[in-house]
Amino acid sequence: MTDVRADATAPPDRTAVTGRRRRGRRGRGEQPMVPDASFQSYYGRPVLKKPTWEARDIAGYLFLGGLAGASSVLAAGAQLTNRPGLARGAKTGALVGISGSLFALVHDLGRPARFLYMLRMVKPTSPMSIGTWLLMAYGPAAGAAAVSEWTGVMPRAGRAAALAAGVVGPAVAAYTAPLMANTAVPAWHGGHRELPFVFVGSAAAAAGGLGMVTAPVSEAGPARRAAVLGAALEVAAAKRMARGMGLAAEPLHTGRGGSLMKAAEILTVAGAVAGGVLGRRSRTAAVLGGLASLAGSACTRFGVFHAGVQSAEDPKYTVRPQRERLRDQ
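Residue numbers (my numbering): 311 to 639.
Below you can see the structure in the form of C-alpha coordinates.
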(Lines of atoms letter the chains of each structure in order from A; the text may use other names.)
(Lines give C-alpha, C1' and ligand atoms only; values in the text may rest on other atoms or scores of the structure.)
Protein backbone atom coordinates (compact mmCIF):
# COMPACT_ATOMS: atom_id res chain seq x y z
CA MET A 311 0.00 0.00 0.00
CA THR A 312 1.41 3.40 -0.97
CA ASP A 313 0.95 6.70 0.82
CA VAL A 314 -1.08 8.58 -1.81
CA ARG A 315 -2.56 11.88 -0.64
CA ALA A 316 -5.59 13.66 -2.02
CA ASP A 317 -3.68 16.93 -1.85
CA ALA A 318 -0.37 16.32 -3.51
CA THR A 319 0.96 19.64 -2.28
CA ALA A 320 0.39 18.83 1.39
CA PRO A 321 3.62 18.12 3.31
CA PRO A 322 4.14 14.58 4.52
CA ASP A 323 3.39 13.76 8.15
CA ARG A 324 6.45 13.96 10.41
CA THR A 325 5.65 12.42 13.75
CA ALA A 326 9.10 11.11 14.60
CA VAL A 327 10.44 14.54 15.59
CA THR A 328 8.49 17.24 17.40
CA GLY A 329 9.29 20.25 19.53
CA ARG A 330 10.57 23.64 18.71
CA ARG A 331 11.55 24.37 15.12
CA ARG A 332 15.14 24.63 14.10
CA ARG A 333 17.03 27.45 15.69
CA GLY A 334 19.87 28.77 13.65
CA ARG A 335 21.87 26.30 11.67
CA ARG A 336 22.21 23.43 14.11
CA GLY A 337 18.56 22.67 14.78
CA ARG A 338 18.78 22.59 18.55
CA GLY A 339 15.62 21.88 20.45
CA GLU A 340 14.33 18.96 18.39
CA GLN A 341 13.14 16.20 20.67
CA PRO A 342 12.66 12.61 19.58
CA MET A 343 9.32 11.22 20.68
CA VAL A 344 10.18 7.54 20.51
CA PRO A 345 8.71 5.80 23.54
CA ASP A 346 11.03 4.06 25.96
CA ALA A 347 11.55 0.46 25.06
CA SER A 348 9.98 -2.09 27.35
CA PHE A 349 12.09 -5.22 27.44
CA GLN A 350 10.34 -8.36 28.57
CA SER A 351 12.60 -10.89 26.88
CA TYR A 352 15.54 -11.27 24.55
CA TYR A 353 14.25 -12.95 21.38
CA GLY A 354 11.76 -14.88 23.45
CA ARG A 355 14.24 -15.72 26.19
CA PRO A 356 14.32 -14.16 29.68
CA VAL A 357 16.76 -11.31 30.17
CA LEU A 358 18.22 -13.28 33.09
CA LYS A 359 17.99 -16.99 33.62
CA LYS A 360 16.39 -17.33 37.02
CA PRO A 361 18.05 -19.62 39.59
CA THR A 362 16.83 -23.18 39.30
CA TRP A 363 17.85 -24.10 42.84
CA GLU A 364 15.32 -25.45 45.29
CA ALA A 365 14.73 -23.12 48.22
CA ARG A 366 14.94 -25.90 50.79
CA ASP A 367 18.34 -26.92 49.45
CA ILE A 368 20.12 -23.61 48.93
CA ALA A 369 18.40 -21.48 51.57
CA GLY A 370 18.75 -24.41 53.96
CA TYR A 371 22.42 -24.67 53.05
CA LEU A 372 22.86 -20.96 53.78
CA PHE A 373 21.09 -21.12 57.13
CA LEU A 374 22.64 -24.33 58.45
CA GLY A 375 26.15 -23.39 57.36
CA GLY A 376 25.90 -20.02 59.08
CA LEU A 377 24.53 -21.65 62.23
CA ALA A 378 27.39 -24.15 62.24
CA GLY A 379 30.16 -21.60 61.80
CA ALA A 380 28.88 -19.23 64.46
CA SER A 381 28.17 -22.11 66.86
CA SER A 382 31.80 -23.20 66.64
CA VAL A 383 32.92 -19.71 67.63
CA LEU A 384 30.54 -19.84 70.58
CA ALA A 385 31.73 -23.35 71.50
CA ALA A 386 35.38 -22.31 71.50
CA GLY A 387 34.63 -19.35 73.75
CA ALA A 388 32.54 -21.49 76.10
CA GLN A 389 35.32 -24.05 76.31
CA LEU A 390 37.90 -21.40 77.19
CA THR A 391 35.65 -19.84 79.86
CA ASN A 392 34.64 -23.15 81.46
CA ARG A 393 31.00 -23.31 80.43
CA PRO A 394 30.57 -27.04 79.70
CA GLY A 395 26.82 -26.93 79.11
CA LEU A 396 27.07 -24.15 76.55
CA ALA A 397 30.11 -25.75 74.92
CA ARG A 398 28.36 -29.10 74.51
CA GLY A 399 25.25 -27.61 72.96
CA ALA A 400 27.23 -25.38 70.60
CA LYS A 401 29.53 -28.22 69.48
CA THR A 402 26.52 -30.42 68.81
CA GLY A 403 24.78 -27.65 66.92
CA ALA A 404 27.89 -27.06 64.82
CA LEU A 405 28.09 -30.72 63.80
CA VAL A 406 24.37 -30.99 63.04
CA GLY A 407 24.44 -27.70 61.16
CA ILE A 408 27.41 -28.48 58.94
CA SER A 409 26.11 -31.99 58.26
CA GLY A 410 22.74 -30.63 57.18
CA SER A 411 24.37 -27.89 55.13
CA LEU A 412 26.56 -30.34 53.24
CA PHE A 413 23.63 -32.68 52.69
CA ALA A 414 21.57 -29.84 51.22
CA LEU A 415 24.45 -28.77 48.97
CA VAL A 416 25.09 -32.29 47.68
CA HIS A 417 21.37 -32.82 47.16
CA ASP A 418 21.27 -29.70 45.02
CA LEU A 419 24.33 -30.79 43.05
CA GLY A 420 22.71 -34.14 42.34
CA ARG A 421 25.50 -36.49 43.37
CA PRO A 422 28.50 -36.35 45.74
CA ALA A 423 30.99 -36.64 42.87
CA ARG A 424 30.17 -33.10 41.79
CA PHE A 425 31.16 -31.78 45.20
CA LEU A 426 34.41 -33.73 45.12
CA TYR A 427 35.08 -32.46 41.61
CA MET A 428 35.26 -28.92 43.00
CA LEU A 429 38.25 -29.99 45.11
CA ARG A 430 40.40 -30.65 42.05
CA MET A 431 41.61 -27.05 42.00
CA VAL A 432 41.74 -23.92 44.11
CA LYS A 433 40.49 -20.67 42.56
CA PRO A 434 41.10 -17.71 44.89
CA THR A 435 38.70 -15.58 42.84
CA SER A 436 35.84 -18.08 43.17
CA PRO A 437 33.73 -17.92 46.36
CA MET A 438 32.47 -21.43 45.64
CA SER A 439 35.99 -22.84 45.36
CA ILE A 440 37.15 -21.11 48.55
CA GLY A 441 33.97 -22.15 50.32
CA THR A 442 34.41 -25.78 49.33
CA TRP A 443 37.89 -25.87 50.82
CA LEU A 444 36.67 -24.06 53.94
CA LEU A 445 34.06 -26.76 54.43
CA MET A 446 36.66 -29.47 53.99
CA ALA A 447 38.83 -27.88 56.68
CA TYR A 448 35.97 -27.02 59.00
CA GLY A 449 33.80 -30.14 58.82
CA PRO A 450 36.29 -32.67 60.27
CA ALA A 451 37.27 -30.26 63.06
CA ALA A 452 33.65 -29.60 64.05
CA GLY A 453 32.89 -33.31 63.87
CA ALA A 454 35.88 -34.32 65.99
CA ALA A 455 35.03 -31.69 68.61
CA ALA A 456 31.43 -32.89 68.95
CA VAL A 457 32.27 -36.61 68.96
CA SER A 458 34.95 -36.13 71.60
CA GLU A 459 32.55 -34.06 73.69
CA TRP A 460 29.91 -36.77 73.70
CA THR A 461 32.14 -39.85 73.97
CA GLY A 462 34.96 -38.52 76.12
CA VAL A 463 37.48 -40.07 73.72
CA MET A 464 40.72 -38.12 73.17
CA PRO A 465 39.62 -35.03 75.11
CA ARG A 466 42.75 -33.02 74.32
CA ALA A 467 42.36 -33.63 70.62
CA GLY A 468 38.68 -32.75 70.92
CA ARG A 469 39.44 -29.45 72.61
CA ALA A 470 42.05 -28.63 69.97
CA ALA A 471 39.53 -29.47 67.24
CA ALA A 472 36.97 -27.17 68.86
CA LEU A 473 39.45 -24.30 68.84
CA ALA A 474 40.35 -25.00 65.21
CA ALA A 475 36.68 -25.03 64.23
CA GLY A 476 36.22 -21.76 66.11
CA VAL A 477 38.99 -20.15 64.08
CA VAL A 478 37.50 -21.24 60.74
CA GLY A 479 33.91 -20.70 61.86
CA PRO A 480 33.60 -16.99 60.97
CA ALA A 481 34.67 -17.66 57.39
CA VAL A 482 32.17 -20.51 57.13
CA ALA A 483 29.42 -18.21 58.38
CA ALA A 484 30.34 -15.43 55.95
CA TYR A 485 31.49 -16.96 52.65
CA THR A 486 28.00 -17.72 51.36
CA ALA A 487 27.27 -13.99 51.08
CA PRO A 488 29.98 -13.37 48.43
CA LEU A 489 28.86 -16.61 46.81
CA MET A 490 25.35 -15.24 46.32
CA ALA A 491 26.45 -11.70 45.49
CA ASN A 492 28.88 -12.93 42.82
CA THR A 493 25.97 -13.52 40.43
CA ALA A 494 23.95 -11.38 38.04
CA VAL A 495 20.79 -11.75 40.16
CA PRO A 496 19.85 -8.13 40.98
CA ALA A 497 18.64 -8.61 44.57
CA TRP A 498 21.81 -10.51 45.45
CA HIS A 499 24.43 -8.60 43.52
CA GLY A 500 22.95 -5.23 44.43
CA GLY A 501 23.63 -5.85 48.12
CA HIS A 502 27.15 -7.20 47.76
CA ARG A 503 28.60 -4.69 50.24
CA GLU A 504 26.17 -5.29 53.10
CA LEU A 505 25.10 -8.90 52.51
CA PRO A 506 28.12 -10.40 54.36
CA PHE A 507 27.19 -8.37 57.45
CA VAL A 508 23.57 -9.49 57.15
CA PHE A 509 24.62 -13.13 56.98
CA VAL A 510 27.19 -12.90 59.78
CA GLY A 511 24.71 -11.12 62.05
CA SER A 512 22.06 -13.69 61.20
CA ALA A 513 24.46 -16.54 61.95
CA ALA A 514 25.46 -15.02 65.29
CA ALA A 515 21.81 -14.57 66.26
CA ALA A 516 21.06 -18.19 65.34
CA ALA A 517 24.02 -19.55 67.30
CA GLY A 518 23.07 -17.40 70.27
CA GLY A 519 19.53 -18.68 70.03
CA LEU A 520 20.71 -22.28 69.99
CA GLY A 521 22.93 -21.59 73.00
CA MET A 522 20.00 -20.14 74.96
CA VAL A 523 17.93 -23.23 74.17
CA THR A 524 20.57 -25.82 75.09
CA ALA A 525 22.58 -24.23 77.92
CA PRO A 526 21.63 -23.51 81.53
CA VAL A 527 20.75 -19.88 82.20
CA SER A 528 23.83 -19.53 84.39
CA GLU A 529 26.12 -20.42 81.47
CA ALA A 530 24.23 -18.78 78.62
CA GLY A 531 25.60 -15.25 79.00
CA PRO A 532 27.76 -15.41 75.83
CA ALA A 533 24.82 -16.87 73.90
CA ARG A 534 22.54 -14.03 75.00
CA ARG A 535 25.12 -11.46 73.96
CA ALA A 536 25.59 -13.19 70.60
CA ALA A 537 21.84 -13.14 69.99
CA VAL A 538 21.55 -9.43 70.83
CA LEU A 539 24.64 -8.27 68.92
CA GLY A 540 23.84 -10.52 65.98
CA ALA A 541 20.30 -9.19 65.80
CA ALA A 542 21.51 -5.59 65.90
CA LEU A 543 24.06 -6.21 63.15
CA GLU A 544 21.61 -8.11 60.95
CA VAL A 545 18.78 -5.59 61.19
CA ALA A 546 21.05 -2.56 60.72
CA ALA A 547 22.90 -4.09 57.77
CA ALA A 548 19.67 -5.25 56.11
CA LYS A 549 18.16 -1.76 56.30
CA ARG A 550 21.33 -0.15 54.97
CA MET A 551 21.46 -2.72 52.17
CA ALA A 552 17.87 -2.03 51.13
CA ARG A 553 18.46 1.73 51.07
CA GLY A 554 21.49 1.41 48.82
CA MET A 555 20.07 -1.06 46.30
CA GLY A 556 17.51 1.19 44.66
CA LEU A 557 14.92 -0.64 42.57
CA ALA A 558 16.61 -4.01 43.18
CA ALA A 559 15.56 -3.80 46.84
CA GLU A 560 11.87 -4.00 45.93
CA PRO A 561 11.70 -7.84 46.11
CA LEU A 562 13.01 -7.59 49.69
CA HIS A 563 9.77 -5.79 50.59
CA THR A 564 7.20 -7.49 48.34
CA GLY A 565 6.07 -11.01 47.56
CA ARG A 566 7.27 -14.07 49.40
CA GLY A 567 10.73 -12.64 49.93
CA GLY A 568 9.32 -9.49 51.49
CA SER A 569 7.03 -11.44 53.81
CA LEU A 570 9.91 -13.60 54.99
CA MET A 571 12.18 -10.59 55.55
CA LYS A 572 9.49 -8.88 57.65
CA ALA A 573 9.01 -12.05 59.67
CA ALA A 574 12.78 -12.32 60.08
CA GLU A 575 13.05 -8.84 61.55
CA ILE A 576 10.17 -9.39 63.97
CA LEU A 577 11.43 -12.78 65.14
CA THR A 578 15.05 -11.69 65.41
CA VAL A 579 14.24 -8.62 67.49
CA ALA A 580 11.77 -10.57 69.63
CA GLY A 581 14.36 -13.28 70.22
CA ALA A 582 16.98 -10.75 71.24
CA VAL A 583 14.61 -9.04 73.68
CA ALA A 584 13.10 -12.20 75.15
CA GLY A 585 16.33 -14.15 75.36
CA GLY A 586 18.81 -11.38 75.94
CA VAL A 587 16.82 -9.49 78.58
CA LEU A 588 14.12 -11.71 80.06
CA GLY A 589 16.19 -14.85 79.58
CA ARG A 590 18.70 -13.79 82.20
CA ARG A 591 16.42 -15.08 84.93
CA SER A 592 13.76 -17.14 83.19
CA ARG A 593 14.58 -20.43 81.53
CA THR A 594 11.26 -20.32 79.67
CA ALA A 595 11.99 -16.88 78.25
CA ALA A 596 15.48 -18.03 77.26
CA VAL A 597 14.13 -21.02 75.34
CA LEU A 598 11.37 -19.03 73.63
CA GLY A 599 13.79 -16.25 72.75
CA GLY A 600 16.29 -18.76 71.41
CA LEU A 601 13.70 -20.43 69.20
CA ALA A 602 12.61 -17.03 67.88
CA SER A 603 16.22 -16.15 67.04
CA LEU A 604 16.68 -19.43 65.18
CA ALA A 605 13.44 -18.95 63.25
CA GLY A 606 14.35 -15.35 62.42
CA SER A 607 17.72 -16.40 61.03
CA ALA A 608 16.09 -19.06 58.87
CA CYS A 609 13.56 -16.51 57.57
CA THR A 610 16.40 -14.17 56.63
CA ARG A 611 18.11 -16.79 54.47
CA PHE A 612 14.88 -17.92 52.82
CA GLY A 613 13.78 -14.31 52.35
CA VAL A 614 17.01 -13.32 50.61
CA PHE A 615 16.77 -16.42 48.43
CA HIS A 616 13.19 -15.79 47.30
CA ALA A 617 13.86 -12.08 46.75
CA GLY A 618 16.69 -13.02 44.41
CA VAL A 619 14.51 -15.40 42.43
CA GLN A 620 11.80 -12.74 42.11
CA SER A 621 14.30 -10.14 40.90
CA ALA A 622 15.62 -12.52 38.24
CA GLU A 623 12.12 -13.30 36.95
CA ASP A 624 11.15 -9.67 36.31
CA PRO A 625 13.35 -7.97 33.68
CA LYS A 626 12.70 -4.50 35.07
CA TYR A 627 15.17 -5.15 37.88
CA THR A 628 17.88 -5.74 35.29
CA VAL A 629 16.99 -3.37 32.45
CA ARG A 630 15.86 -0.24 34.28
CA PRO A 631 18.99 0.19 36.47
CA GLN A 632 21.18 -0.33 33.39
CA ARG A 633 19.20 2.30 31.50
CA GLU A 634 19.55 4.75 34.39
CA ARG A 635 23.30 4.20 34.54
CA LEU A 636 23.59 4.92 30.82
CA ARG A 637 21.47 8.03 31.20
CA ASP A 638 23.72 9.33 33.99
CA GLN A 639 26.87 8.94 31.92
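Each residue gets a CB set at the ideal place from its N, CA and C atoms; glycine is no exception.
| Check | Outcome |
| --- | --- |
| Buried/exposed call for Arg393, threshold 16 Cβ in 10 Å | buried |
| Cβ separation of Gly568 and Leu562, assumed to be a contact under 8 angstroms, to the nearest whole Å | 6 angstroms |
| 8 angstroms Cβ cutoff met for Gly479 and Val597 | no |
| Cβ contact (3+ pairs, closer than 8 angstroms) linking the segment 578 to 594 and the segment 550 to 564 | no |
| Glu504 and Val545 closer than 8 angstroms at C-beta | no |
| Touch test, the segment 520 to 534 against the segment 467 to 484, Cβ-Cβ under 8 angstroms, three pairs minimum | no |
| Rounded separation between Leu445 and Thr628 - CA only | 33 angstroms |
| Beta-carbon proximity list for Ala481, same chain, < 6 angstroms, skipping 5 on both sides | Leu444 |
| Coil, strand or helix - Thr524 by DSSP | helix |
| Under the three-state DSSP convention, the category Trp363 falls into | coil |
| For Gly449 and Leu405, the rounded distance between their alpha carbons | 8 angstroms |
| Whole-angstrom C-beta distance between Gly613 and Leu570, which should lie under 8 angstroms | 3 angstroms |
| Check whether Leu377 and Gly441 have beta carbons under 8 angstroms apart | no |
| Buried versus exposed, by CB contacts within 10 Å (16 or more), Ser607 | buried |
| Every unbroken alpha helix (DSSP H) within the segment 490 to 539, with a cutoff of 4 residues, ordered by chain | 496 to 499 and 505 to 524 |
| DSSP state of Val587 mapped onto helix, strand, coil | coil |
| Residue of Ala380, Gly370, Pro361 and Lys359 minimising C-alpha distance to Gly511 | Ala380 |
| Close beta carbons around Ala397, own chain, < 8 angstroms, minus the five adjacent residues each side | Ala385, Ala388, Gln389, Glu459 and Ala472 |
| Outcome for Arg430 when other beta-carbon atoms lying within 10 angstroms are tallied against a minimum of 16 | exposed |
| Range of the contiguous alpha helix (DSSP H) that encloses Pro422 | Pro422 to Tyr427 |
| Start-to-end residues for the alpha helix (DSSP H) that takes in Gly258 | No information on residue 258 is available, as it lies outside the stretch 311 to 639 that the chain covers here. |
| Secondary structure of Pro394, DSSP reduced to three states | helix |
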